[in-house]
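Protein chains: 2
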Amino acid sequence: AEDEDYEQIEDFLEEMHPQEIAHLLESLPSSDRQVVWEHVPADSEGEILVHLADDVRSAIMDRMDTDQLVAATESLDTDDLADLLPEMPRDIVQEILLSMEQQERERLRSVLSYSEDSAGGLMDLDMITVRADTNLDVVLRYLRRRGSIPESTDSLFVVDREGRFQGLLPLTVILTSDPEMSVAEVMEHDVIGIPVDMSARDVANLFERRDLITAPVIAEDGQLMGRITIDDVVDVIREEADHSLMSMAGLNEEEDMFAPVLTSTRRRSVWLAINLLTALLAAWVIGLFEATIEQLVALAVLMPVVASMGGIAGSQTLTLVIRGMALGKINPTNARTIFRKELGVGIWNGLIWAIVIASVAGFWFNSVKLSIIIAAAILINLIMAAISGAVIPLILKRMGGDPALSGSVILTTVTDVVGFFAFLGLATLFLI
Amino acid sequence: AEDEDYEQIEDFLEEMHPQEIAHLLESLPSSDRQVVWEHVPADSEGEILVHLADDVRSAIMDRMDTDQLVAATESLDTDDLADLLPEMPRDIVQEILLSMEQQERERLRSVLSYSEDSAGGLMDLDMITVRADTNLDVVLRYLRRRGSIPESTDSLFVVDREGRFQGLLPLTVILTSDPEMSVAEVMEHDVIGIPVDMSARDVANLFERRDLITAPVIAEDGQLMGRITIDDVVDVIREEADHSLMSMAGLNEEEDMFAPVLTSTRRRSVWLAINLLTALLAAWVIGLFEATIEQLVALAVLMPVVASMGGIAGSQTLTLVIRGMALGKINPTNARTIFRKELGVGIWNGLIWAIVIASVAGFWFNSVKLSIIIAAAILINLIMAAISGAVIPLILKRMGGDPALSGSVILTTVTDVVGFFAFLGLATLFLI
């Protein structure tokens, strides 16, 4: 009966696309994962590995022996192989390289020389090139003889004798044009070649804004290097988005949801440690005013309100600016306008909430003086929050940091410290 | 000289893709936007409008007269038109409908009847269908006579006499097969048709996991309704990701970065108001313990540390669960495993940070009792944070709410209230 169960699992997996199996594996607790992996179709293993999150992948690869790993990589495209190799043990990489043909090995080396986050790292070498002086009927006969066309192909690439990129020949053009015409007559000339060192993010923005399906990657001397296809770009867009969301909470998007408790505890500790330092800084500021609080405990009751309103307002500005930067919508030309606008919003929100909170505090503690002081503190903190929310990501980016990762910690440190300092400081000056 | 400048702008815009112009307009302060809009190529106006964020679009459409609006919509695909119409004044919609041919109008009505967030709302009606019993050379002749193929086409759709979907005929197959063969012999049979009511998010996941470029949309009776293309799916993925990021800060992803200060102030006020209520709830909890704080001001100094550590730890679990749910990786089967794991992380982190913070507090205020009490409060709050972070999004989703939008407010309310209550309550019981 157990054998029958396994057969059912295998039939089920046989129907699935490698990326779907990767998704399934990521959704399974680690104990079930190994069971499913053992029944995965052998010829999909490589592609599944490529699509797994780093964490899950390395756990599975750790249990594979050399032969299995070499076999899994055999069916992979050069660009996918280039993603996997850096995560394999040295001796296995050697073995894989030795098992390849000379030409294939050269190609792999060229892809490996580019960063994973660049056009060169994204590109795929599997493409069909034609010459401009060929006639379409020759192209048609060539394709029929070839018998297959690489996946996600919507265009052939036109190159000259030296391999320099000349233009695109869309499949739709081949199908709708007179076969007597030459490639030169019907090809698209005004095609943007993607420079091999363009960042993956810029490549994604280009694909998104031009509705591209494939695009040529070009070296500085005009040589056609490879092509980028939309499926890899979709992965970049998804990863970028995941990265922003996860890193704002100090998490890594490659983390396994089912990682062992102690592994996750250790990883998250870093973030908690950083936040503890900022919380202690805020506590130290409060400590400066112990004597004041002792005389008026209402201050202790209200101070978190001042800090939290600043944190919330600031994180709105911060999120807006981080997203604008990621989408390439904020640039040196309009940064000043954004800053002025956010400052304006900060001042208005500061005024509105100063009045609201002052009224609440005044009624609650029956003190006009207290309500004036909290109003002033709220106004100061919301203005500081707007300024910090707009400026912190710009500074972090100029310093080469990741605004999404550290922006929110720095921001809440500022709004906590400023909030407590303004509120308790003003109270010390004018209330006691 | 000014005319020359304008000519330069026009030349520049002429080179750009409509989506790039939309992006440019969104990156411009509102004053410059109108100037650029006036020099946009007339035949791109419709497509630019489709790609603008809601806010920016409606500002521009408000300044267009009926003739301009009708002209702008003329070149649009049915699916794009269906996105624009609901935002236009009733009389203009009438005019546009009247200017269309009967058949076109019917098609538009059918697209308008589906939700924007479903396969039906995403689909495009512009596609080429063929019969299974046709020979490929007939298909080739037909395509040549037709002279053009709709954008983003990688396959023709095979239907029977009643218009029911039979399979796909990829362009690459047409190009590589013997023209004497029939469509039936070479077409792909095992193609998943997308049900017309599938959610846009599920469509995006399907495209992503199967590396699709186009896919057929099918009615319940098997009728081919339209096709979905990868460029629209990329927009869905981007919008989904933007939505998660923005709504976690109470922002709307369709908002204009350069909206007038007062408009933005008003919109953000809602979020600040909700957060003020939760901050006041936390303040009320502190107020319950005024007498305790009066006797021991150290409590006021340390209480934000307890609350903020809970908030940070909880938001890590929350973000992980929200993302897992959005990617379809968390389901009823594995939710319990995730919960147990997060609880485990919460307990461990609670223990670790309880010890660290107790040591700091003990040294700072030279009190063993205080350090034991803060340790207990940290442990309680970090465990509650893990439970809330895992459970809140699941409950919100079951109630039909948006976990990304309200999850973090509810979470920090819980961690603030529990944190203050545990710390000040324990202090009242055991310290005073």
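Line order of the protein sequences matches chains A and B. In terms of the numbering used here, the first sequence opens at residue 29 and continues consecutively. In terms of the numbering used here, the second sequence opens at residue 29 and continues consecutively. We put the beta carbon where it would ideally sit given N, CA and C, even for glycine. Being a predicted model, the structure only gives us computed values, none of them experimental.
Could you tell me whether the Cβ atoms of A/Ile76 and A/Ile120 are closer together than 8 Å? In this structure, A/Ile120 does not lie closer than 8 Å to A/Ile76 by Cβ.
So, does the CB of A/Arg159 fall closer than 8 Å to a CB anywhere in chain B? Closer than 8 Å: no.
Using 7 Å as the cut-off, classify the Cβ of A/Gly356 as near or not near the heavy atoms of the ligand GDP, replying yes or no. The ligand GDP is not part of the structure shown, which contains no ligands of any sort.
Of the residues that make up the region 301-313 of chain B, which ones have a beta carbon closer than 7 Å to any beta carbon in chain A? Asn303, Leu304, Ala307, Leu308, Ala310, Ala311: these are the residues of the region 301-313 of chain B whose beta carbon lies less than 7 Å from some beta carbon of chain A, given in chain order.
Give me the Cβ distance between A/Val211 and A/Thr162, rounded to the nearest whole Å; I'm assuming they're in contact under 8 Å. The C-beta distance from A/Val211 to A/Thr162 rounds to 5 Å, short enough to fall under 8 Å.
Using a threshold of 8 Å, state whether the C-beta atoms of A/Ile438 and A/Ile420 are closer than that. For A/Ile438 and A/Ile420, yes; Cβs fall inside 8 Å.
Which ranges does the alpha helix (DSSP H) cover as unbroken runs of at least 4 residues, wholly within the region 156-207 of chain A, from first to last along the chain? Runs found: 164-174, 199-204.
Indicate whether at least one CB of chain A lies closer than 8 Å to the CB of B/Ile156. Not an interface residue.
Beta strand (DSSP E) containing B/Ile256: first to last residue? Run containing B/Ile256: 252-257, per the beta strand (DSSP E) assignment.
Here's a check: name, in chain order, each residue in its chain whose Cβ is nearer than 8 Å to the Cβ of B/Val167, leaving out the five neighbours to either side. Correct list, in chain order: Val158, Leu184, Leu197, Ile202, Val211.
Bridge partners of B/Ile340, per DSSP? Paired residue(s): none; B/Ile340 is not in a bridge.
For the beta strand (DSSP E) that A/Ile400 lies in, which residues bound it at each end? It is not in any beta strand (DSSP E) - A/Ile400 instead sits in the alpha helix (DSSP H) that spans 396-426.
Below-8 Å beta-carbon distance, A/Met412 vs any chain B residue: No - not a single Cβ of chain B is within 8 Å of the one on A/Met412.
Assuming the contact rule is C-beta atoms closer than 8 Å, B/Thr306 and B/Thr441 should be a hit. Round their C-beta distance to whole Å, please. Contact flag correct, Cβ pair sits at about 4 Å.
Test: B/Ser395 CB closer than 8 Å to a CB of chain A: Judged by the 8 Å Cβ criterion, B/Ser395 is not in contact with chain A.
If we cut at 8 Å on Cβ distances, does B/Ala403 have a partner in chain A? Cβ-Cβ to chain A under 8 Å: no for B/Ala403.
Report the rounded CA-to-CA distance for B/Glu179 versus B/Pro360, giving the unit in angstroms. If you draw a straight line from the Cα of B/Glu179 to the Cα of B/Pro360, it comes to about 40 Å.
Does the beta carbon of B/Gly372 come closer than 8 Å to any beta carbon on chain A? Chain A contact via Cβ: present.
Could one say the Cβ of A/Trp65 lies closer than 8 Å to chain B's Cβ atoms, at least one of them? Not an interface residue.
So, does the CB of A/Gly175 fall closer than 8 Å to a CB anywhere in chain B? So yes, A/Gly175 belongs to the interface.
Alpha helix (DSSP H) segment containing B/Ile385, residue limits: Residues 360-393.
Take the Cβ of B/Gly74 as the centre, count every other Cβ of all protein chains shown within 10 Å, and call the residue buried at 16 or more, exposed below. Under the 10 Å beta carbon count, B/Gly74 is surrounded by 16 or more other beta carbons and is classified as buried.
Roughly how many whole angstroms lie between the Cα atoms of B/Ala341 and B/Ala414? Taking the straight line from one Cα to the other gives about 7 Å.
List the residues of chain A that B/Leu203 touches, going by C-beta distances under 8 Å, in chain order. Listed along the chain, the chain A residues whose CB falls inside 8 Å of the CB of B/Leu203 are Leu168, Leu171, Arg172, Ile177, Leu199, Ile202, Leu203.
May I ask you to list the residues that DSSP assigns as paired with B/Pro69? For B/Pro69, no pairing in a beta bridge is given by DSSP.
Is B/Ile281 helix, strand or coil by DSSP? At residue 281 of chain B the sequence reads Glu, which differs from the Ile that was named. DSSP places B/Glu281 in coil when its eight states are reduced to three.
Would you decide whether B/Glu42 is buried or exposed? Buried here means 16 or more other CB atoms lie within 10 Å of its CB. When all chains shown are included, B/Glu42 counts as exposed.
Can you confirm whether B/Asp105, when its beta carbon is compared against all beta carbons of chain A, has any partner nearer than 8 Å? No, its Cβ sits nowhere closer than 8 Å to a Cβ of chain A.
Can you name the residues of chain B whose CB is closer than 8 Å to the CB of A/Gln344? The contact set of A/Gln344 on chain B, defined by CB atoms closer than 8 Å, consists of Ala277, Gly278, Leu279, Arg296, Trp299 in chain order.
Relative to the alpha-carbon of A/Leu371, which residue among A/Asn409, A/Leu324, A/Glu236, A/Ile402 has its alpha-carbon at the smallest distance? A/Asn409 is the residue among A/Asn409, A/Leu324, A/Glu236, A/Ile402 whose C-alpha sits nearest the C-alpha of A/Leu371.
Can you give me, in chain order, the residues of the region 257-269 of chain A that have a beta carbon less than 7 Å from any beta carbon in chain C? Checking the listed chains, one finds no chain C in this structure; the protein chains it contains are A and B.
Cβ-Cβ distance between B/Gly374 and B/Ile411 below 8 Å: Against a cut-off of 8 Å, the Cβ pair of B/Ile411 and B/Gly374 comes out as a contact.
For the alpha helix (DSSP H) that contains B/Val84, what are its first and last residues? Run containing B/Val84: 82-90, per the alpha helix (DSSP H) assignment.
Report all residues from its chain with a CB closer than 7 Å to the CB of B/Met226; omit the five preceding and five following residues, and keep chain order. Excluding residues up to 5 positions away in sequence, Ser146, Ala147 lie with their Cβ nearer than 7 Å to the Cβ of B/Met226 in the same chain.
With DSSP run on the structure shown, which of helix, strand or coil describes A/Asp152? Of the three classes helix, strand and coil, the one that applies to A/Asp152 here is strand, per DSSP.
Consider the Cβ of B/Ala468: report whether some Cβ of chain A lies at a distance smaller than 8 Å. Limits of chain B in this structure are 29 at one end and 460 at the other, which puts residue 468 of chain B out of reach.
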